[in-house]
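Structural data, given as structure tokens:
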């Protein structure tokens, strides 16, 4: 089952089969009844079946907006559709959707959404260069610079 919190978690489903497991490619599935999925490019145009695009969701389960944050709500919606930020492609034969990654640098770790770019911006105040990645269930930062104070770095 796939779905962002903004669509009450269950938006798309797939019953995993032994064939899926053997192939190593497990789709996220197809929308639940009452939900619609669109795959759009950066210009909000539908991509061709089989091409990669961003997943947009709409339906009875979609949230109306972020509490007292109309600015975030506006960015999160395209018409009546919720912009997930997830990259997917649709299998031309089965119609199943496959998750390929994120459009941005936002990750989910232990149920919390984290913007890796924000962490990098904070670290760049102390270092000349850095990269932040998710490794298993940990965040890892690689930093480079002269005279880096490790205690100050850890404090960030």
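Residue numbers (UniProt numbering): 1 to 156. C-beta atoms are modelled at their ideal positions from N, C-alpha and C, and glycine is treated no differently. Keep in mind it's a predicted model, so treat the numbers as computed, not measured.
Note on geometry: alpha-carbon atoms of residue 134 and residue 123 lie some 16 Å from one another. Under the DSSP assignment, residue 58 falls in the beta strand (DSSP E) whose first and last residues are 52-59. Residue state for residue 127 is assigned as coil, using DSSP reduced to three classes. If you draw a straight line from the Cα of residue 61 to the Cα of residue 129, it comes to about 42 Å.
For the options 27, 79, 111, 35, the alpha carbon positioned closest to that of residue 87 is the one of 27. Between residue 98 and residue 56, the C-beta spacing is not below 8 Å. Residue 144 and residue 93 have their alpha carbons spaced roughly 48 Å apart. When the beta-carbon positions are compared, residue 14 and residue 96 come within less than 8 Å of each other. By the Cβ rule, the region 27-41 does not count as touching the region 103-121, because fewer than three pairs are nearer than 8 Å. In the structure shown, residue 72 adopts helical secondary structure according to DSSP, grouped into three states. At a cut-off of 4 residues, the continuous stretches assigned as alpha helix (DSSP H) that sit fully inside the UniProt domain "AMP-dependent synthetase/ligase" (1-67) are 18-23. Sequence-distant Cβ neighbours of residue 50 in its own chain, meaning closer than 8 Å and more than five residues away, are 89, 90, 91, 92. Minimum Cα-Cα distance from residue 2 among the listed residues 140, 35, 74, 131 corresponds to 35.
DSSP links residue 102 through a beta bridge to 86. Exclusion of the five residues before and after residue 63 leaves 6 as the residues of its chain whose Cβ lies within less than 6 Å of its Cβ.
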